[in-house]
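Working notes for the structure below.
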Amino acid sequence: MKGGIVFVFILITLTSICDTISQLFLKSVINSLDFHINSVKKAFQFVLMIMKVYRVWIGFLFSTLSLCIWLLVLSKAELNFAFSVDSMHYIFIAFASALILKEKFGTTRWLGTLAIVAGIALVTVS
Amino acid sequence: MFKKSRVTFKILFFLVSVDALETVTQLCFKKSVIGHMGFQVDSLTNAALFLKYAVLSPYLWFGLTSVILTFVIWSTILSKIDLSVAVPVCSFSYVFIPLASMFFFKEQINFLRWSGIVSILIGVILVSLSSGHKEGAS
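Each protein sequence line maps, in turn, to chains A and B.
The opening residue of the first sequence carries number 257 in my numbering; numbering runs sequentially from there.
The opening residue of the second sequence carries number 197 in my numbering; numbering runs sequentially from there.
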């Protein structure tokens with residue numbers, strides 16, 4: 257079943273990418289708004305503001321797509337395997353944040369991200 | 197422009213609540229379809245029937261409320277810290293779930309899993325610390 261595993265692997269990569277894209281859209285919209293939240297009421301107002309930006313809905317579309325592919329993955333692979341492969345999601349987020357959102361990345365953050373990915377692989381595989 | 201990017205205890209609390217709420221969402225969704233597990237979704241009519249059962253279950257609505265709440269808290273978090281900090285720190289659930297299963301269900305945690313948990317914790321601490329210094333003008 258070598259082909260099956262490769263297929264599942266590709267599907268998981270696709271969910272991770274879709275998820276990363278949706279987070280990128282959300283974060284870029286939030287960055288563009290520059291709103292200070294200091295109460296629950298403000299938080300809800302903020303969300304209403306976000307909803308009015310059409311880019312957020314593109315993000316939602318990608319999360320829906322990601323969920324659909326993930327359901328397909330779960331019907332084909334074991335949960336342990338799926339979760340351990342899905343930890344590459346953190347790498348995608350890291351690269352996307354550095355390249356697209358221009359977040360400042362130091363060695364500490366890279367090391368931390370890698371430690372988390374390794375840790376998730378260990379927790380889910382064992 | 198002044199922009200805080202520190203992971204404070206308040207933000208950490210928010211991140212943990214997002215994790216917890218996501219678990220609640222999953223449990224509610226699962227619970228809303230659990231009575232119809234053997235249901236074969238093989239045609240459009242059957243799919244509609246399956247959806248009807250799910251929609252009639254109160255758990256689905258609890259789940260959806262929890263999704264909205266998660267989104268509000270997550271947006272609040274993202275308005276305060278970097279995406280590349282928020283997402284890794286949210287991996288806390290991989291630590292909580294094994295520890296919770298150990299305390300509540302007396303599950304055994306083997307050496308590999310312990311090393312994974314320690315590795316995640318180190319990673320979370322490193323990523324949180326890396327957001328300590330202020331961002332440059334941008």
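Just so it is clear, CB atoms sit at the ideal spot from N, CA and C, and this is done for glycine as well.
Note that the coordinates shown come from a computational prediction; the quantities given were computed from them, not determined experimentally.
> Quick one: Cα of residue 263(B) to Cα of residue 214(B), how far?
Replying inline: The alpha-carbon atoms of residue 263(B) and residue 214(B) are separated by roughly 10 Å.
> Of the residues 377(A), 379(A), 378(A) and 369(A), which one's Cα is nearest the Cα of residue 318(B)?
Replying inline: Distances from the alpha-carbon of residue 318(B) to those of 377(A), 379(A), 378(A) and 369(A) put 369(A) closest.
>> Looking at the secondary structure, which residues open and close the alpha helix (DSSP H) in which residue 292(A) lies?
In response: Counting along the chain, residue 292(A) falls outside any alpha helix (DSSP H), and DSSP gives it neither H nor E.
> In chain B, what lies closer than 9 Å to residue 328(A) by C-beta?
Replying inline: Here the premise fails: no neighbours, minimum Cβ distance about 13 Å.
>> With distance defined between alpha-carbon atoms, name the residue in 373(A), 328(A), 281(A) and 284(A) nearest to residue 346(A).
In response: Distances from the alpha-carbon of residue 346(A) to those of 373(A), 328(A), 281(A) and 284(A) put 373(A) closest.
>> For the stretch 243-269 of chain B, list every residue whose C-beta sits within 8 Å of some C-beta in chain A, in sequence order.
In response: Under the 8 Å Cβ criterion, the stretch 243-269 of chain B contributes 267, 268 and 269.
> Between the stretch 352-367 of chain A and the stretch 293-309 of chain B, do three or more beta carbon pairs fall short of 8 Å?
Replying inline: The stretch 352-367 of chain A is not in contact with the stretch 293-309 of chain B.
>> If we define contact as Cβ-Cβ less than 9 Å, is residue 257(A) a contact residue for chain B?
In response: Unreliable positioning characterises residue 257(A) in this predicted model, as indicated by a pLDDT of 49, which lies under 50. The coordinate reading is nonetheless provided below. Chain B contact via Cβ: absent.
> Any residues in the stretch 292-305 of chain A with a beta carbon nearer than 9 Å to a beta carbon of chain B? Which ones, in chain order?
Replying inline: From the stretch 292-305 of chain A, only 292, 293, 296, 298, 299, 300, 302 and 303 have a Cβ closer than 9 Å to chain B.
>> Assuming residue 314(A) and residue 281(A) are in contact, meaning their beta carbons sit under 8 Å apart, how far apart are those beta carbons, in whole angstroms?
In response: Between residue 281(A) and residue 314(A) the Cβ distance is about 6 Å, and since that is below 8 Å, they are a contact.
> Is residue 353(A) close to chain B, meaning its C-beta is less than 9 Å from at least one C-beta of that chain?
Replying inline: Yes, residue 353(A) lies at the interface with chain B (some Cβ there is under 9 Å from its Cβ).
>> To the nearest angstrom, how far is the alpha carbon of residue 338(A) from that of residue 330(A)?
In response: Within the model, the alpha-carbon separation for residue 338(A) versus residue 330(A) is close to 7 Å.
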